[in-house]
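Protein chains: 2
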Amino acid sequence: MTMKKFINSVDTFLEDSLRGFAAAHADLVELHTAPTFLSRRHRKSGKVALISGGGSGHEPLHIGFIGPGMLDGACPGQVFTSPTPDQMLRAGETLECGAGVLFIVKNYSGDVMNFEMASELADFENATVLVEDDVALPGSSSTGRRGVMGTVIVEKVLGALAEEGADLGTLLEAGRHLHPRMASMGVAITSCTVPAAGRPTFVLAENEIEVGVGIHGEPGRRRDVLRPAAELVQELMDALLEELSPAPGAEVLLIVNGMGATPLAELYVLFGEASQVLERLGLRLERSLVGNYTTALDMAGASITLCLLDAEIKRAWDAPVHTSALRWGR
Amino acid sequence: MTMKKFINSVDTFLEDSLRGFAAAHADLVELHTAPTFLSRRHRKSGKVALISGGGSGHEPLHIGFIGPGMLDGACPGQVFTSPTPDQMLRAGETLECGAGVLFIVKNYSGDVMNFEMASELADFENATVLVEDDVALPGSSSTGRRGVMGTVIVEKVLGALAEEGADLGTLLEAGRHLHPRMASMGVAITSCTVPAAGRPTFVLAENEIEVGVGIHGEPGRRRDVLRPAAELVQELMDALLEELSPAPGAEVLLIVNGMGATPLAELYVLFGEASQVLERLGLRLERSLVGNYTTALDMAGASITLCLLDAEIKRAWDAPVHTSALRWGR
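Here it is in structure tokens:
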């Protein structure tokens, strides 16, 4: 089977894509090579530098969230492959400006290991926030849960606080406050195809879905047959609500995230069902986001994220942001 | 073959999707039923009401462009099916507030006919801007060209002018000024599947692409084999540049639009190649947009749009906009 993608070659895919990204958003970002990282063009001195990174193939995560109010830099690895410590080190050295560096890391072993190595080798003050919001699988005590769409909430909320001048300790505390308040879970109706592999990562039968799929095509809770959107959403929402146990009347941020190949019209079908689940339970939909934010290449699928809001999270979420993928208030 | 989509049923797809859209963006829009249309929640009195519409399946077009600085209302038809005149009439009656209504219509026979009927039956003053930016096929003198991604430019530019108080005549003039300055062309690597049909609209062989595809899966210029992104982009850009004949040093807006199932990372590959074509020709990339804006359900494909800028178009493009799909300056 031929792999159908808009690429020049498998070998130059990442480089070509990053070059296009930098050309499209030259007002916001700068692309650095050898080692590869992207930096925010107009930096603010004296603030903690927020740097994230991870394997490519999840765009706009993380590069699309560079800019005022979110990230100062991002280190993209090859597709679904962790970036190497030299990328994080160089990004940190370039972006640190007196208040230290906060690394925002999704919980995957390669990412964790390589960010840790960078953290240890760094001459600059740094700390790390680990994101692990995927409730699909029970995390063992040693590995924890996978980091998925909650990463965008962490980058937005901590990005707002850093922009206002919060120090490293305050940002770590905000991360600890945020984490137990958010949960995500996804479902795939097709696999993705990693360019270098040239064939689908996994195979689903004609009417089959993967409930709880990971953003690299990792197995979820189970295979199932495709069911009406309302039933799928109910199952995902049950898992999220069981995890979060919101009090009656709680205010929530509801996100329906596309995995890359799911049309917006279908994401809105899912959002409509999820918002009705909230309504039936007396929970208050206060903020929402619908679109492709944490993707898995060309996977058709979607994830739902719930975040329990309070005044501080809401204020940080609403704060001005100017990135290529999220922009408001300026 | 089973159709894999996140829907409850084929019959309720549009209704469910619109309900989800209205729930996600309750701060921006209101959903009206019987007949169906969406309106801007916070209206500005005394301005020309901008109303667009067309078949669904192209989201975020048009509903995602309702809000301050763009549309006042949109009339979605069933998937790939024109809205009916009663929708446009009711939307116009609801939204007209003293300065008349401007209908923005993509050039498809059903849309043209039904908007014309609404225009004739209307008790309110109204005028129509027809969008026909697709250069894939030579338009006959009677039917003209298809309207595609250029529609978003028309809605943004005329939306900004209307927000500033431009009258109907000024908006028509701005539309006439804009039209010869923009051109679009697309390419598909997979078909889309209309829910009610349950099977792909057309069939491409494993390595085949449709060059010049329409946003409903209409045939383009020809079938070809999948080639490197740089070659595909060169062919699309050649067609656009032949149409527009930009002067050396001309300032352009470059848009790479995804058809629904193409990952952002691939759209950036295309953007990178297109920006290099501009650079080689000494054209100036002044504004850019990359993402899914005028889609064709779950088609994997992309289109490129070029718009020659001048001070007035640039100013209107940059003006504040607050819609679910485009937002800046507020």
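From first to last, the protein sequence lines are chains U and P. Oh and the first sequence: position 46 is 46 in my numbering, straight run, nothing missing. Plus 1000 on top of the position in the second sequence (first one is 1) and you've got my numbering. For each residue, glycine too, the CB sits at the ideal point set by N, CA and C.
- From the listed residues P:R1221, P:V1233, P:L1089, P:S1324, the smallest Cα separation to P:A1274 is found for P:V1233.
- Note that the segment 308 to 325 of chain U does not touch the segment 212 to 230 of chain U; fewer than 3 beta-carbon pairs, one per stretch, sit closer than 8 Å.
- P:H1216 sits buried, since 16 or more C-beta atoms from the chains shown fall within 10 Å of its C-beta.
- Around the beta-carbon of P:A1302, 16 or more other beta-carbon atoms lie within 10 Å, marking it buried.
- Interface with chain U (7 Å Cβ-Cβ cutoff): P:I1313 is excluded.
- Residues G1057, C1192, G1260 of the same chain have their beta carbon placed closer than 6 Å to that of P:L1297, with the five preceding and five following residues left out of the count.
- Contact check for U:L31 against U:E155 fails: the beta carbons are separated by 7 Å or more.
- For U:F103, no alpha helix (DSSP H) segment is defined; the enclosing uninterrupted segment is the beta strand (DSSP E) at 101 to 106.
- Put simply, the backbone Cα of P:L1171 is about 40 Å away from that of U:H62.
- Annotation for U:V157: the continuous alpha helix (DSSP H) segment containing it runs 150 to 163.
- For P:A1196, the CB contacts under 7 Å within the same chain, skipping 5 residues up- and downstream, are V1010, V1079 in chain order.
- When rounded, the separation of the alpha-carbon atoms in P:D1027 and U:L285 is 12 Å.
- Annotation: Cβ neighbours of P:V1269 in chain U (cutoff 8 Å, chain order): F6, I7, N8, F13, D16, S17, G20.
- P:E1125 is not bridged by DSSP to any residue.
- In the displayed model, U:L168 falls within a helix according to three-state DSSP.
- Taking the beta carbon of P:G1057 as reference, the chain U residues within 7 Å of it are A265, listed in sequence order.
- Under the 10 Å beta carbon count, U:R199 is surrounded by fewer than 16 other beta carbons and is classified as exposed.
- By the neighbour-count criterion, in which 16 or more other beta carbons inside 10 Å mark a residue as buried, U:A34 falls on the exposed side.
- DSSP, read as helix, strand or coil, puts U:S82 in coil.
- Chain-order list of chain P residues neighbouring U:R327: R1327, W1328, by C-beta distance under 8 Å.
- Contact with chain P is absent for U:I63, since none of that chain's Cβ atoms lies less than 7 Å from the residue's Cβ.
- In this structure, P:I1007 keeps its C-beta atom at 7 Å or more from the C-beta atom of U:A127.
- DSSP, reduced to helix, strand and coil, places P:V1233 within a helical segment of the structure shown.
- If the five residues before and after U:C97 are omitted, its C-beta is found closer than 6 Å to the C-beta atoms of S45, all from its own chain and listed in chain order.
- P:L1038 and P:P1248 have their C-alpha atoms spaced approximately 43 Å apart.
- Counting only unbroken stretches of 4 or more residues, no alpha helix (DSSP H) element lies wholly within the segment 51 to 81 of chain U.
- Sequence-distant Cβ neighbours of P:D1134 in its own chain, meaning closer than 6 Å and more than five residues away, are R1145, R1146, V1148, S1184.
- The beta-carbon distance between P:V1129 and P:L1158, rounded to whole angstroms, is 7 Å. This is short enough to meet the 8 Å contact definition.
- In this model, P:L1018 and U:V269 are separated by some 8 Å (Cα to Cα).
- Interface annotation, P:V1048: not in contact with chain U, CB-CB separation never under 7 Å.
- Look at U:A91: its C-beta is not under 7 Å from any C-beta on chain P.
- A residue is called buried once 16 or more other Cβ atoms fall within 10 Å of its Cβ, and U:R280, having fewer, is exposed.
- Counting other Cβ atoms within 10 Å of its Cβ, P:S1119 reaches 16 or more and is therefore classed as buried.
- Every unbroken stretch of the alpha helix (DSSP H) spanning 4 or more residues and falling wholly within the segment 177 to 249 of chain U is given here in chain order: 229 to 244.
- In chain order, A23, A24, H25 make up the part of chain U whose C-beta sits under 8 Å from the C-beta of P:S1288.
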